[in-house]
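Residues in the sequence shown are numbered from 5 upward in steps of one, following our numbering. Don't be surprised by glycine CBs; every beta carbon is placed ideally from N, CA and C.
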Amino acid sequence: MRLTPLVATIASTLAITLSSTAIADEGMWQPHQLPELESILKAKGLEIDAKSISKLTEFPMNAVISLGGCTASFVSPKGLVVTNHHCAYGSIQYNSTTDNNILENGFLAKTPAQDLPAAPGSRVYVTKTVTNVTDKVIKDTQKLSAKARYDALEKNEKALVAQCEADESYRCNVYSFHGGLEYYLIKSLEIKDVRLAYAPAMGVGKYGGDIDNWMWPRHTGDFGFYRAYVGKDGKPAQYSEDNVPYEPDSYLSVSAKGVQEGDFVMVTGYPGRTNRYRIAAEVDNVFNDSYPKAREHNSKYVALIEENAEDGSKARIAYESTIAGYNNYIKNYGSMIESFKKGTMFERKKQFEQELTQWINSDKTRKQQYGDVLNELSALVTQSQLHSERDRMLGYVHRSQMISTARSLYRLAYEQQKPNAERESGYQERDLPRIKAGLERMTRRFDANVDKAILLHFLELYAALPKEERFSEVDKAFKLQNGFDKAKQSALLEQMYTKSTLDNELVRNSLFEQSFSQLNQSQDPFMQYAKAIFAVMKTEEDKSKALAGKLQAARPQLMSAIIAFNKAQNKAVYADANSTLRVTYGTVGGYSPQDGLVATPFTSLEGLLAKNTNVAPFNAPKKLQQQIKAKLYGDYTGGMNTVPVNFLSNVDTTGGNSGSPTLNGKAELVGLLFDGVYESIIGDWDYNPELNRSIHVDSRYMLWVMDKVDNAQNLLDEMKIVK
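Spelled out as structure tokens, the structure:
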């Protein structure tokens with residue numbers, strides 16, 4: 005692929021910078037960058053060829069897969085997939101009932117025939133190719149601005165994706181790197197029949213619950229197993245009893261030896277998003293406005309669910325996955341805010357921008373090349389924040405499942421009036437299975453009383469906004485012109501929920517098939533709401549695209565300056581995480597979270613037992629407790645005097661890395677990454693080598709539970725265990 009002059013310059017810069025720097029173990033590296041790091045990796049303990057982990061079609065990279073939000077890996081020739089328990093949580097919840105609550109009790113399929121269908125829409129993505137398509141994406145866009153630029157970039161990306169997906173076995177996406185300096189087309193095999201094979205009990209998989217979440221010491225067996233299925237021809241196919249287990253090109257061996265303190269480890273996975281190159285104005289807004297308010301509102305969201313769905317009831321089971329997700333973000337935001345207030349990130353960010361500006365202005369050529377891009381970007385960021393409170397509150401109103409479902413159906417019908425290539429991203433033919441799966445999932449993840457209570461609360465907050473910050477169409481639909489009256493609005497919602505049939509899966513599927521003109525005639529109150537606000541929401545969307553088009557021009561220019569400046573400072577350069585395959589490396593080790601405290605890198609079975617209270621979330625299964633008391637460790641100590649449960653390393657990871665295989669120097673699986681310590685959560689924005697620690701489930705504990713507690717010998721027999 006031919007590089008543009010700008011991209012060629014960046015590629016050269018990256019190669020030079022990588023070969024000459026090694027700052028701590030910072031960085032989420034693209035696989036093609038790894039040969040430049042070979043000397044560093046070898047010195048730290050990598051035993052396999054570094055070039056092999058740069059090639060996606062070779063071992064071990066072709067064993068690492070994406071679940072579309074979490075990472076996983078193949079661990080048998082029969083399509084067995086290991087990931088985190090919390091990554092499979094939605095599927096476990098989906099298959100749970102009050103009579104058979106496998107979320108609480110666990111599940112094991114003794115044969116593949118007993119595997120349970122995962123939640124609708126579950127997928128396994130096997131990355132096949134990564135192609136630099138920068139020239140093709142930015143073609144004919146350089147002279148465009150605002151919405152015209154946004155639309156042109158999107159059109160070019162859609163064309164590339166459509167061409168790539170001519171074979172329906174594949175899912176393709178274009179991702180931007182370095183703020184839009186580079187674009188890569190990633191082609192993945194899309195396995196559509198995913199089934200639940202094994203999940204330990206809640207007292208293992210979520211031991212410690214939200215109390216221990218993001219904390220150390222930790223004793224959580226955060227693992228579970230899916231199995232991937234394909235048609236008899238070996239190609240991806242929708243669920244069918246005739247499908248057969250997928251045979252991966254390679255799979256990981258699982259170590260029963262584990263790791264010791266100081267050992268080299270690397271993590272391969274799909275980290276979601278980091279923001280380490282964001283400017284000071286964005287940092288200020290996020291930490292002083294967005295995160296505090298999101299934490300407050302998310303906490304209320306969870307409280308409303310718990311107040312309106314009794315523990316153990318059908319309604320509570322329906323929302324368990326939702327609660328877990330929200331609680332995770334609540335604690336995440338809390339740590340972010342706390343670390344921000346205690347730390348110096350904001351001051352360092354402003355200092356960096358001053359030094360960058362001085363560096364640009366000190367050279368005529370640089371000043372001509374980069375101009376006043378920092379101030380220009382700051383102005384655009386300020387513009388994007390003008391209506392943040394309105395957008396936030398209306399966003400929570402629209403999280404109502406009845407509203408979000410109605411709006412999705414209405415927008416789909418609107419877009420289907422256009423040729424497929426001209427439809428809005430997310431509503432093309434390629435997106436229909438995802439939308440349909442969402443309609444199916446709602447059946448087991450919805451309760452009218454809960455949804456109504458949440459909507460009523462956030463309508464009150466929305467109505468409290470100044471009138472000029474509200475939309476008259478929303479006010480009219482919910483009769484808010486004269487303010488919020490709780491009794492009045494509660495009665496209105498009661499009437500809407502009673503009249504609506506969107507809670508019926510058959511009705512939703514019927515509406516999915518209807519045309520735009522048919523939906524415009526719908527008398528369902530939520531479909532009428534979707535119709536009433538469509539025009540004004542579409543106008544706001546177009547405004548957002550125009551602003552995004554301006555940002556898409558400014559960010560690459562700033563990143564070009566930052567990369568050149570970092571090169572001059574001999575600092576490492578890597579792209580922010582963006583849900584694409586990355587590799588990070590480090591060593592097993594503890595840390596000092598505060599003065600006078602030192603955290604050791606391993607926890608043990610005995611520590612788990614000492615923490616146990618037999619009351620959730622510290623309620624380990626009775627058999628597990630008995631095995632610990634009897635010291636029935638088996639062959640899973642790895643030279644220690646116990647079975648390690650969790651361990652720490654300094655690998656650089658973030659959300660999306662959940663479920664990522666933790667590999668030793670031989671590329672054997674020694675653990676699963678599932679969390680970070682409380683002090684490292686701010687790593688999405690700022691890297692601190694002293695506090696950045698990731699938490700892994702030790703492979704020895706996983707194997708021990710499977711063998712000694714849950715009798716999952718059938719799965720162990722198909723895995724390659726290294727003893």
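Closest by C-alpha distance to residue i, when choosing among the options
i, options, result
"SER173", "ILE566, SER408 and GLY238", "GLY238"
"MET721", "ALA620, LYS422, SER95 and PRO81", "Reading off the sequence, residue 721 comes out as Asp, not Met. Nearest option by C-alpha distance: PRO81."
"GLY638", "ASP29, HIS36, VAL178 and LYS261", "LYS261"
"SER31", "SER303, TRP708, ASN289 and THR658", "Residue identity check: residue 31 is Gly in the sequence provided, not Ser. Selected option, being the one with the closest Cα: THR658."
"LYS46", "MET270, LEU164, GLN373 and ILE685", "MET270"
"ILE439", "LEU515, VAL134 and LYS422", "LEU515"
"GLN561", "TYR188, TYR323, VAL263 and GLN373", "GLN373"
"ALA156", "GLN167, GLU169, ASP171 and LYS140", "LYS140"
"GLN264", "MET706, THR641 and TYR682", "THR641"
"TYR414", "SER494, LEU506, ASN379 and TYR243", "LEU506"
"ILE215", "LYS615, GLY643 and GLN630", "LYS615"
"GLU509", "ARG448, LYS670 and LEU378", "ARG448"
"SER257", "GLU472, ASP53 and VAL86", "VAL86"
Sequence-distant residues of its chain with Cβ nearer than 7 angstroms to residue i (five each side left out)
i, result
"LEU551", "LEU384, GLN387 and SER388"
"ARG199", "ASP119, LEU120, PRO121, ALA122, TYR230, ARG231 and TYR233"
"SER259", "ASN668, GLU672, LEU673, VAL674, SER703 and VAL726"
"SER100", "ILE106, LEU107 and ILE321"
"GLN405", "MET446, PHE450 and ASP455"
"ASN594", "The sequence shown places Gly at residue 594, not Asn. Cβ within range, chain order: VAL602, ALA603, THR604, PRO605 and LEU652."
"GLY125", "ARG438, ALA441, GLY442 and ARG445"
Heavy atom of the ligand GDP within 6 angstroms of residue i beta-carbon
i, result
"THR607", "Because no ligand of any kind appears in the structure shown, any question about the ligand GDP cannot be addressed here."
DSSP-derived helix/strand/coil call for residue i
i, result
"TYR637", "coil"
"TYR466", "helix"
"ALA552", "helix"
"HIS700", "strand"
"MET446", "helix"
"VAL385", "helix"
"CYS91", "coil"
"LEU398", "helix"
"ASP679", "strand"
"SER608", "strand"
"ILE283", "coil"
Contact check, residue i vs residue j, beta carbons under 7 angstroms
i, j, result
"ARG704", "VAL647", "yes"
"HIS89", "GLY228", "yes"
"TYR305", "TYR330", "yes"
"THR272", "VAL592", "no"
"ASN247", "GLY266", "no"
"MET710", "ALA716", "yes"
"LEU719", "VAL701", "no"
"GLY276", "SER70", "no"
"PHE475", "LEU463", "no"
"THR75", "SER684", "no"
"ALA536", "GLU477", "yes"
"TYR431", "GLU444", "no"
"ASP599", "MET349", "no"
"TYR93", "ALA328", "yes"
"ASN66", "ASP253", "yes"
"LEU193", "LEU164", "no"
"LYS48", "PHE268", "yes"
Own chain, CB closer than 8 angstroms to residue i, minus 5 neighbours either side, in chain order
i, result
"PRO529", "GLN499, MET500, LYS503 and SER504"
"ALA417", "GLN518, SER519, PHE520, GLN522 and LEU523"
"ALA468", "PHE488"
"ILE566", "TYR281 and LEU360"
"ILE341", "PHE291, TYR295, PRO296 and ARG299"
"LYS492", "LYS483"
"ALA319", "ASN312, ALA313, ASP451, ASN453 and VAL454"
"HIS749", "Since the displayed the chain opens at 5 and closes at 727, residue 749 lies outside it and no answer follows."
"LEU808", "Because the chain in this structure spans residues 5 to 727, residue 808 falls outside the shown range and cannot be described."
Same chain only: Cβ atoms within 6 angstroms of residue i, ignoring 5 sequence neighbours per side
i, result
"PHE344", "PHE291"
"LEU609", "ILE632, THR646 and VAL647"
"SER698", "SER653, VAL655, THR657, LEU677 and GLY680"
"ALA113", "ASP119 and ALA201"
Chain D within 7 angstroms of residue i, Cβ atoms only
i, result
"ASP690", "You won't find chain D in this structure, because it holds only one protein chain."
- Item | Minimum length 3: unbroken beta strand (DSSP E) runs contained in the region 620-665 | Counting whole runs of 3 or more residues, the region 620-665 contains the beta strand (DSSP E) stretches 648-653.
- Query: If you scan the region 519-547 from start to end, which runs of the alpha helix (DSSP H) of 4 or more residues do you find wholly inside it?
  - Reply: The qualifying runs are 520-524.
- Start-end ranges of the beta strand (DSSP E) lying completely within the region 557-587, minimum 3 residues: The region 557-587 is shown to contain no whole beta strand (DSSP E) run of 3 or more residues.
- Of all the beta strand (DSSP E) runs that stay within the bounds of the region 125-195, which reach a length of 3 or more residues? Scanning the region 125-195 for uninterrupted beta strand (DSSP E) segments of 3 residues or longer gives 128-136, 174-181 and 186-195, listed from N- to C-terminal end.
- Runs of alpha helix (DSSP H) wholly within the region 193-226 (minimum 4 residues, chain order): Listed in chain order, they are 206-209 and 213-216.
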